[in-house]
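A.B. asks: Numbering (this note's numbering), first residue to last: 1010 to 1230.
Glycine is no exception: its CB is placed at the ideal position from the N, C-alpha and C atoms.
The structure is given below, and queries will be raised subsequently.
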């Protein structure tokens, strides 16, 4: 009964706050978007040993955070990063002219047998990542639209923790996060502080979008 009463009070406070005309929506002061969704993390996300093994050039490797579980606090620092995302922006003809080592890794991916894990063709096996449904219609299957790393990262779905992260080291992220890019740098710490406050948690809890049995997503704010 106590918990039900507390929830009712929180909801009443929430709707009372919403009536305040000084409030603004997050999308009015920041851009909220998805970072990279690779559809093939086992190819595009590399640990340091794998990258070294293939001799992949540093220009094609950017630090990446795959999961909130990698992070111990709300500050994302270089010491937390132990993986790279492969970001290649050149066709194979140019890579071949440059004798780039990354080309060997790409061609290895094109010969590998891949088991489809999602979608209508789940369970089927294809030869090469270029033939999985997500990439079949792309001119260069291994290229992505360039995205800037954002100073604020928020989990795409909340489960056991509700931290909002300060991406101090400018790492890229996977689709397990949303990126928040403030319109003004001066607003970064203010947004971060609010979202990590009890008020911010309440707004996410009551105004977020639920999927299945998981906790809310910021997608709806």
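Relative to the C-alpha of residue 1194, which residue among 1176, 1186, 1105, 1029 is closest?
C.D. replies: Residue numbering aside, residue 1194 sits at position 185 when the chain shown is read from its first letter. Comparing Cα-Cα distances from residue 1194 to each of 1176, 1186, 1105, 1029, the minimum goes to 1176.
A.B. asks: Does residue 1112 have its Cβ less than 9 Å from a Cβ in chain C?
C.D. replies: Of the protein chains in this structure there is only one, and it is not chain C.
A.B. asks: Taking 9 Å as the cut-off, decide whether the C-beta atoms of residue 1165 and residue 1213 are in contact.
C.D. replies: The count along the chain shown starts at 1 and reaches residue 1165 at position 156. The count along the chain shown starts at 1 and reaches residue 1213 at position 204. Their beta carbons are not under 9 Å apart, which means residue 1165 does not touch residue 1213 by this criterion.
A.B. asks: Which runs of the alpha helix (DSSP H) fall wholly inside the region 1036-1100 and span at least 4 residues, in chain order?
C.D. replies: You should have 1050-1053, 1057-1063.
A.B. asks: Measure from the alpha carbon of residue 1117 to the alpha carbon of each residue in 1045, 1149, 1138, then state which is nearest.
C.D. replies: Within the chain shown, the letter at position 108 stands for residue 1117. When only C-alpha atoms are compared, the closest one is 1138.
A.B. asks: What are the boundary residues of the beta strand (DSSP E) that includes residue 1175?
C.D. replies: In the chain shown, the residue the question calls residue 1175 occupies position 166. 1173-1175 is the span of the beta strand (DSSP E), which, as asked, contains residue 1175.
A.B. asks: For residue 1113, report the span of its alpha helix (DSSP H) as first-last.
C.D. replies: Locating residue 1113 in the chain shown gives position 104, where the first residue counts as 1. Here the alpha helix (DSSP H) through residue 1113 covers 1110-1120.
A.B. asks: Do residue 1125 and residue 1134 have their C-beta atoms within less than 9 Å of each other?
C.D. replies: One-based indexing of the chain shown puts residue 1125 at position 116. One-based indexing of the chain shown puts residue 1134 at position 125. Yes, the pair counts as a contact, with Cβ atoms nearer than the cut-off.
A.B. asks: Our contact map puts residue 1123 next to residue 1151 with C-beta atoms below 8 Å; I'd like the distance itself, whole angstroms only.
C.D. replies: As a working note, residue 1123 is residue 114 in the chain shown. As a working note, residue 1151 is residue 142 in the chain shown. With a Cβ gap of about 14 Å, residue 1123 and residue 1151 do not count as contacting.
A.B. asks: At the level of alpha carbons, what is the spacing between residue 1033 and residue 1100?
C.D. replies: Stepping through the chain shown from its first residue, residue 1033 is reached at position 24. Stepping through the chain shown from its first residue, residue 1100 is reached at position 91. Using only the alpha carbons, I get a separation of about 44 Å.
A.B. asks: Would you mind listing the beta strand (DSSP E) stretches within the region 1160-1210 that are 3+ residues and don't spill past its ends, in chain order?
C.D. replies: Complete beta strand (DSSP E) runs here, min 3: 1161-1164, 1173-1175, 1186-1191.
A.B. asks: Between residue 1145 and residue 1208, what straight-line distance do the alpha-carbon atoms span, to the nearest angstrom?
C.D. replies: Against the chain shown, residue 1145 aligns to sequence position 136. Against the chain shown, residue 1208 aligns to sequence position 199. Each residue's alpha carbon lies about 45 Å from the other.
A.B. asks: Could you pull the start and end residues of the beta strand (DSSP E) that residue 1134 belongs to?
C.D. replies: Taking the chain shown and counting its residues from 1, the one referred to as residue 1134 is at position 125. Where residue 1134 is concerned, the enclosing beta strand (DSSP E) stretches over 1134-1136.
A.B. asks: When you compare only the Cα positions, how much space is there between residue 1174 and residue 1104?
C.D. replies: Position 165 of the chain shown, counting from 1, holds the residue named residue 1174. Position 95 of the chain shown, counting from 1, holds the residue named residue 1104. So the alpha carbons of these two residues sit roughly 36 Å apart.
A.B. asks: Taking one C-beta from the region 1039-1058 and one from the region 1086-1094 each time, how about it: are there three or more such pairs within less than 8 Å?
C.D. replies: With a cut-off of 8 Å, the region 1086-1094 and the region 1039-1058 count as touching, because enough Cβ pairs lie within range.
A.B. asks: Of the choices 1159, 1200, 1025, whose alpha-carbon is the least far from that of residue 1178?
C.D. replies: Indexing the chain shown from 1 puts residue 1178 at position 169. Of 1159, 1200, 1025, the residue nearest in Cα terms is 1159.
A.B. asks: Any idea what DSSP makes of residue 1124, helix, strand or coil?
C.D. replies: Against the chain shown, residue 1124 aligns to sequence position 115. Residue state, collapsed to three classes: strand.
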